[in-house]
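Scroll down for the structure; my scribbles are underneath it.
Residue numbers (the numbering used here), protein chains in the order written: chain A, 1 to 164; chain B, 1001 to 1427.
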């Protein structure tokens, strides 16, 4: 069940990119997205999590680039949600492989899928709201937000350094 | 921080910063699912893992390849763990026959989860150490690991072979009555001699034939008293004598024989000590009874062959550990250099039995049957026969054991009664 859901999510993560980039007459980018999708779909179980991580990174970057270029934001949002879900399910599958055969995997799977679906639903609603509702942010607020983001990045780097 | 969390954080920041820098709201909107995912993970992150774990083994001592059930009971004394991976760490030599050592479960607060698995393994001592628990949030972003030291031990003892009797005749016996002829007249079974009648002798003991030849005097039969004795078992754990080509080893057979002999001698009431001679000396102090049997079996369970420059030959057997004129049993495949040492021990007055698993027959069984191999095998076999013959001439009782046959079938015939000539001369 998880594998099927993961495959569907991979398609949802990459096909909107292919369609969006083809509509924008960027066949090479579409081909790249298709290649990532195929690689992800047919990857070996052993390397699945690594490929999923690379796939998520590429899909989100491609969606961001597409949104910046002016591609359909709905398609890009679907791509982000699909690739994020597929990446999450790849990690979940790996965790499930450590379980014993007699564990109640069906219950764990159902619970995970329901919660993931809820998250995707809420995210989709929020994204649609974000795309429909336009808020004008004053310049000073923008600077403040940028500074907050930069501070956050610095904190993140500091934490990573301390961990190493 | 987890790698998974790091990737999501980088993506979220990338989209937010990108949106702010390019002033594109779409990019900020794309960051929403990623940020929500991250928040959900952080909000549902597992708290401290507080588990109460119990491990119960169906048996703490068993025989090789006999299944032992291990039951683990885990009670969650802390907050709910949405997804927790539990794993019992077992020694790698043990095989899991049924069930699994690990489980992935949801463990609500106060609830108990228990499972059972079945293990078996070869002879040895196995210590159980930790139970590992790894909890994660629903999306696997935050992980928390804990290790719970739950000690346990399992002795897999050498197979219990029962020998009916092993006849020994050491020069010195102890004071308690047993089954070993003590060379002292008194109450017993075997005829020992005749002496003048003493008050209190039962009438059945009176030897009427001898008394008839001596007027005015009565003579009584005397029987040989039977007592217990000190027995020292020396288990040869030298790698060079036990380990043969391609990693094949005779040591398991030696341990099996030592265990069976110790068991039999103790069952006969003797005081038995075991010396493991190999990588180092390990001496199990002599003792009587079931507790001593358990001590010896546990020691034998842990015995491993080893190498040492000092104990490369049997010359360093500490004879002061064994009472003078007591019975020694050496379990060893033997090498030619051992002859002199055994001769010295014999000269010290020890009665010696050598149980020698035959390395030639053992090795020939798995070597290819080429003509040159067969000839080489015959030559080595003749050399060994010569060594054993010399030992027998020196008064050492030798059991040449082809390990293809079970020890409990070979031993009674060879060790059940002392040789007739040996009994006759009473050495």
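Glycine included, C-beta positions come from ideal geometry on N, C-alpha and C. For clarity, every value in this text was computed on a predicted model and none was experimentally measured.
6 Å Cβ shell around residue 1225(B) - same chain, five flanking residues per side excluded:
Closer than 6 Å at the Cβ level, and outside the excluded window around residue 1225(B), lie 1182, 1184, 1186 and 1188.
Any C-beta of chain A sitting closer than 8 Å to the C-beta of residue 1026(B)?
yes
Coil, strand or helix - residue 1325(B) by DSSP
coil
Return the CA-CA distance between residue 1235(B) and residue 1191(B), expressed in angstroms with no decimal places.
36 Å
Nearest-angstrom Cα distance between residue 1265(B) and residue 1251(B)?
21 Å
Is the shortest distance between the beta-carbon of residue 1034(B) and the beta-carbons of chain A less than 8 Å?
yes
For residue 1114(B), write down the residues that DSSP places opposite it in a beta bridge.
According to DSSP, residue 1114(B) shares a beta bridge with 1073(B).
Which partner residues of residue 1194(B) appear in the DSSP bridge assignment?
In DSSP, residue 1194(B) forms a bridge with 1221(B).
Consider the Cβ of residue 60(A): report whether some Cβ of chain B lies at a distance smaller than 8 Å.
yes
Taking residue 1100(B) as the query, report the chain A residues whose CB atoms sit under 8 Å from its CB, ordered along the chain.
100, 101 and 102
Status (buried if at least 16 other CB within 10 Å, exposed otherwise) for residue 83(A):
Buried, by the Cβ-count rule.
Buried versus exposed call for residue 147(A) [16 or more other C-beta atoms within 10 Å across all chains shown]:
exposed
With DSSP as the reference, label residue 1020(B) as helix, strand or coil.
helix
Output the distance between the C-alpha atoms of residue 1088(B) and residue 1074(B), rounded to the nearest integer angstrom.
11 Å
Where does residue 1104(B) sit, in a helix, a strand or coil, going by DSSP?
strand
In whole angstroms, what is the alpha-carbon distance linking residue 1085(B) and residue 1131(B)?
10 Å
Who are residue 1136(B)'s beta bridge partners in DSSP?
1083(B) and 1143(B)
Nonlocal neighbours in the same chain, by C-beta distance under 6 Å from residue 1158(B), ignoring five residues either side:
1123, 1255, 1256, 1259 and 1300
Where do the N-terminal and C-terminal ends of the alpha helix (DSSP H) with residue 1410(B) fall, by residue?
1407-1415
Three-state secondary structure (DSSP) at residue 144(A)?
helix
Suppose the cutoff is 8 Å on Cβ atoms and the five residues either side in sequence are ignored; what does the same chain contact list for residue 27(A) look like?
Once the five neighbours on either side are set aside, the close Cβ partners of residue 27(A) are 21.
So what does residue 1356(B) bridge to, in DSSP terms?
According to DSSP, residue 1356(B) shares a beta bridge with 1400(B).
Listing by chain order, which chain A residues have their CB less than 7 Å from the CB of residue 1105(B)?
103
Would you list, in chain order, the members of the segment 111-132 of chain A that have their beta-carbon closer than 7 Å to a beta-carbon of chain B?
Correct list: 112, 115, 119, 122, 123, 126, 127, 130 and 131.
Taking a contact to mean a Cβ-Cβ separation below 8 Å, would you say residue 1070(B) touches residue 1117(B) in this structure?
yes
Option nearest residue 61(A) by Cα separation, candidates 1010(B), 1025(B) and 1093(B)
1010(B)
Does any CB atom of chain D fall closer than 8 Å to the CB of residue 1004(B)?
The structure shown contains no chain D; the protein chains it does contain are A and B.
Endpoints, beta strand (DSSP E) assigned at residue 21(A)
First-last for residue 21(A): 2-23, but that is the alpha helix (DSSP H), not the beta strand (DSSP E).
Taking residue 1110(B) as the reference, which of 1099(B), 1129(B), 1090(B) and 1080(B) has the closest Cα?
1080(B)
Tell me, to the nearest whole angstrom, how far the beta carbon of residue 1155(B) is from that of residue 1060(B); I am working on the premise that it is less than 8 Å.
Confirmed, Cβ separation roughly 7 Å.
CB contact check: residue 73(A) to chain B, cutoff 8 Å:
yes
Cβ neighbour criterion (16 or more within 10 Å) applied to residue 1082(B):
If you draw a 10 Å sphere on the C-beta of residue 1082(B), you find 16 or more other C-beta atoms in it, and that means buried.
Assign residue 1151(B) to one of two classes, buried (16 or more other C-beta atoms within 10 Å of its C-beta) or exposed (fewer than that).
exposed
Continuous alpha helix (DSSP H) stretch holding residue 1036(B): start and end:
Where residue 1036(B) is concerned, the enclosing alpha helix (DSSP H) stretches over 1025-1043.
Anything in the segment 1012-1024 of chain B with a Cβ closer than 8 Å to a Cβ of chain A? List those residues in chain order, please.
1013, 1014, 1015, 1016, 1017, 1018, 1020, 1021, 1022, 1023 and 1024
Let me see if you follow: with CB-CB separation under 8 Å, is residue 1407(B) close to chain A or not?
no
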